[in-house]
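Peer 1:
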Ligand code: HEM
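Numbering (our numbering), first residue to last: 193 to 524.
Structure (structure tokens):
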């Protein structure tokens with residue numbers, strides 16, 4: 193919030209501020225790490241992650257595995273970035289273990305150590321590094337992209353932004369910061385987050401899956417080894433489940449009593465089955481808290497003289513809106 197306030201109502205790109213916020217929430221939760229803005233270590237870390245995501249999103253070898261024997265420059269670069277992150281996490285694990293107090297775990301990593309020591313989890317330190325890497329890399333870019341889509345959609349729909357601020361003012365007021373405990377009392381924000389996720393659809397095509405045995409899907413026969421892809425983007429724009437799908441309308445998820453009805457199988461933006469996103473609850477909690485705190489303190493608008501956002505999305509596994517500038521006008 194301090195970083196947004198420091199812009200003093202002048203035009204700025206929200207992406208970096210939002211990303212920095214989530215990197216620190218995830219870092220605190222995983223192993224108590226808070227980065228400083230413009231800290232060299234953070235900038236290097238963020239650049240490595242960004243490049244790794246970019247390279248990992250669309251390599252030819254993913255589609256034609258037989259090309260793996262011809263190691264391309266991109267694959268070599270990707271391996272280098274993966275090694276940098278592995279070295280980073282190995283150091284974090286070594287340092288963190290030295291200050292572990294079993295009777296007072298501080299964070300997720302301490303809990304993993306305790307489970308490892310008591311034999312409840314048969315994991316090596318290398319496994320722990322992979323878990324940290326998985327949670328960290330999946331954890332911040334997804335919620336950053338969704339929140340940046342959210343700010344754009346609220347500026348494009350100022351009536352929704354006003355209603356959200358009215359809900360925050362009524363439930364929380366201005367004397368304290370909104371927290372996850374407020375979620376159950378703020379159905380309009382809860383519903384708006386679903387609608388932001390639907391319209392933004394940051395993961396239009398998740399990972400490829402294969403049929404383990406002969407099976408059926410609806411009226412289709414699916415032989416063993418068939419490659420399967422869920423088309424999230426198509427589901428989110430299906431007019432049978434979402435009438436007038438181009439319209440941004442949070443009330444789709446509210447019943448006649450104003451209670452939130454989650455879209456469940458109508459759109460599976462967190463995936464489905466055994467490999468469903470394990471970070472769903474954390475993601476929804478984080479996005480709720482960040483959005484509620486932002487809207488309690490600021491009203492977002494396009495800068496003077498700008499009439500529209502750039503049209504389109506970034507290319508990659510996780511799709512952001514194209515970079516834009518907005519102003520954050522203080523409310524408190
Ligand atoms: C808006 C936020 C998020 C969205 C839309 C999202 C979406 C997804 C999707 C679609 C998958 C693939 C599921 C499948 O293949 O069936 C996935 C996997 C995963 N997500 Fe998320 N995710 C989000 C946030 C997070 C967060 C905050 C974390 C961790 C802190 C996280 C950790 C993971 C991990 C570790 C996997 C891999 C699971 C596996 O392969 O078994 N995600 N996510």
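Quick reminder that beta carbons are idealized off the backbone N, C-alpha and C, glycines included.
As the structure is a computational prediction, the values presented were derived from the model and not from experiment.
Where does residue 507 fall in DSSP's three states?
Peer 2: Looking up residue 507 in the chain shown gives position 315. If DSSP states are grouped into helix, strand and coil, residue 507 belongs with coil.
Peer 1: For residue 412, list the residues DSSP reports as bridge partners.
Peer 2: Along the chain shown, read from residue 1 onward, the residue named residue 412 stands at position 220. DSSP lists 409 as partners of residue 412.
Peer 1: Is residue 395 near ligand 1 - that is, is its Cβ less than 7 Å away from at least one heavy atom of it?
Peer 2: Stepping through the chain shown from its first residue, residue 395 is reached at position 203. Yes, Cβ of residue 395 sits closer than 7 Å to a heavy atom of ligand 1.
Peer 1: Please classify residue 213 as buried or exposed, where buried requires at least 16 neighbouring CB atoms within 10 angstroms.
Peer 2: For the purposes of this step, residue 213 is taken as residue 21 along the chain shown, with counting starting at 1. So residue 213 counts as buried.
Peer 1: For a minimum of 4 consecutive residues, which ranges assigned as the alpha helix (DSSP H) are wholly contained in the region 259–338?
Peer 2: Restricted to the region 259–338, the alpha helix (DSSP H) segments that are unbroken, complete and at least 4 residues in length are 265–290 and 300–309, listed in chain order.
Peer 1: Are residue 385 and residue 479 closer than 8 Å when you measure CB to CB?
Peer 2: Looking up residue 385 in the chain shown gives position 193. Looking up residue 479 in the chain shown gives position 287. Their beta carbons are under 8 Å apart, which means residue 385 touches residue 479 by this criterion.
Peer 1: Report back the beta-carbon spacing between residue 444 and residue 387 to the nearest angstrom; my notes put them in contact at under 8 Å.
Peer 2: Stepping through the chain shown from its first residue, residue 444 is reached at position 252. Stepping through the chain shown from its first residue, residue 387 is reached at position 195. Sure, about 7 Å apart at Cβ, within 8 Å.
Peer 1: Output yes or no for whether 8 Å exceeds the beta carbon distance between residue 465 and residue 330.
Peer 2: The residue labelled residue 465 in the question sits at position 273 within the chain shown. The residue labelled residue 330 in the question sits at position 138 within the chain shown. Contact: no.
Peer 1: Which residues mark the beginning and the end of the alpha helix (DSSP H) in which residue 350 is found?
Peer 2: Stepping through the chain shown from its first residue, residue 350 is reached at position 158. Run containing residue 350: 350–363, per the alpha helix (DSSP H) assignment.
Peer 1: For residue 475, is the beta carbon positioned less than 7 Å from some heavy atom of ligand 1?
Peer 2: One-based indexing of the chain shown puts residue 475 at position 283. Yes; taking the cut-off as 7 Å, the Cβ of residue 475 has a heavy atom of ligand 1 nearer than that.
Peer 1: On the three-state DSSP scale, how would you describe residue 520?
Peer 2: Taking the chain shown and counting its residues from 1, the one referred to as residue 520 is at position 328. Note: residue 520 maps to strand in three-state DSSP.
Peer 1: Considering only DSSP beta bridges, list what residue 227 is partnered with.
Peer 2: Along the chain shown, read from residue 1 onward, the residue named residue 227 stands at position 35. Looking at the DSSP assignment, residue 227 forms no beta bridge with any residue, so it has no partner.
Peer 1: Just checking, does the region 204–211 make contact with the region 337–354 on the three C-beta pairs under 8 Å criterion?
Peer 2: yes
Peer 1: Evaluate residue 427 with the Cβ neighbour count: other Cβ atoms within 10 Å of its Cβ, from every protein chain shown; 16 or more gives buried, anything less gives exposed.
Peer 2: Residue numbering aside, residue 427 sits at position 235 when the chain shown is read from its first letter. Buried: at least 16 other Cβ atoms inside 10 Å.
Peer 1: Under 7 Å from any heavy atom of ligand 1, does the C-beta of residue 495 make it?
Peer 2: Here residue 495 refers to the residue found at position 303 when the chain shown is read from its first residue. False, no ligand heavy atom lies under 7 Å from that Cβ.
Peer 1: What is the rounded straight-line gap between the Cα of residue 195 and the Cα of residue 501?
Peer 2: Here the question's residue 195 lines up with position 3 in the chain shown. Here the question's residue 501 lines up with position 309 in the chain shown. Going by the C-alpha atoms only, they are around 22 Å apart.
Peer 1: Going by DSSP, which residues form a beta bridge with residue 452?
Peer 2: Taking the first residue of the chain shown as 1, we reach residue 452 at position 260. Paired residues: 446.
Peer 1: Determine the DSSP secondary structure at residue 368, reduced to helix, strand or coil.
Peer 2: Residue numbering aside, residue 368 sits at position 176 when the chain shown is read from its first letter. Looking at residue 368 - three-state DSSP - the assignment turns out to be coil, as it is neither helix nor strand.
Peer 1: For residue 419, name the three-state secondary structure that DSSP assigns.
Peer 2: Within the chain shown, residue 419 is the residue found at index 227, counting from 1. Note: residue 419 maps to strand in three-state DSSP.
Peer 1: Let me know the secondary structure DSSP gives residue 402 once reduced to three states.
Peer 2: In the chain shown, counting from the first residue as 1, residue 402 sits at position 210. Strand, per DSSP.
Peer 1: Using three-state DSSP, classify residue 473 as helix, strand or coil.
Peer 2: The residue labelled residue 473 in the question sits at position 281 within the chain shown. Helix at residue 473.
Peer 1: Rounded to whole angstroms, what's the CA-CA distance from residue 295 to residue 271? Just pull it up for me.
Peer 2: Your numbering for residue 295 matches position 103 in the chain shown. Your numbering for residue 271 matches position 79 in the chain shown. The straight-line gap from Cα to Cα measures roughly 38 Å.
Peer 1: If you follow the beta strand (DSSP E) that residue 493 is part of, which residue opens it and which one closes it?
Peer 2: On the chain shown, position 301 is the one that residue 493 refers to. Its beta strand (DSSP E) spans residues 490–493.
Peer 1: Please classify residue 320 as buried or exposed, where buried requires at least 16 other C-beta atoms within 10 Å of its C-beta.
Peer 2: For the purposes of this step, residue 320 is taken as residue 128 along the chain shown, with counting starting at 1. Looking at its Cβ environment, which holds 16 or more other Cβ atoms inside 10 Å, residue 320 is buried.
Peer 1: Give me the DSSP bridge partner(s) of residue 241.
Peer 2: One-based indexing of the chain shown puts residue 241 at position 49. Residue pairing by DSSP places residue 241 opposite no residue, since no beta bridge is assigned to it.
Peer 1: Am I right that residue 349 and residue 363 are in contact with their C-beta atoms under 8 Å? What's the rounded C-beta distance?
Peer 2: Mapped onto the chain shown, residue 349 falls at position 157. Mapped onto the chain shown, residue 363 falls at position 171. Their Cβ separation, rounded to whole angstroms, is 21 Å, which puts residue 349 and residue 363 out of contact at 8 Å.
Peer 1: Evaluate the contact criterion for the region 485–499 versus the region 447–454: three or more CB pairs, one atom per stretch, below 8 Å.
Peer 2: no
Peer 1: Looking only at its own chain, which residues have a Cβ that is under 7 Å from the Cβ of residue 276, when we skip the five neighbours before and after it?
Peer 2: What you label residue 276 is simply residue 84 of the chain shown in a count that begins at 1. Here residue 276 has 240 as same chain residues with Cβ atoms under 7 Å from its own Cβ, once five neighbours each way along the sequence are excluded.
Peer 1: Whole-angstrom Cβ separation of residue 494 and residue 518, contact assumed at under 8 Å?
Peer 2: Locating residue 494 in the chain shown gives position 302, counting from the first residue. Locating residue 518 in the chain shown gives position 326, counting from the first residue. Between residue 518 and residue 494 the Cβ distance is about 6 Å, and since that is below 8 Å, they are a contact.
Peer 1: Tell me the DSSP secondary structure of residue 203 in three-state form.
Peer 2: Counting from one through the chain shown, the residue named residue 203 turns up at place 11. It is coil, neither helix nor strand.
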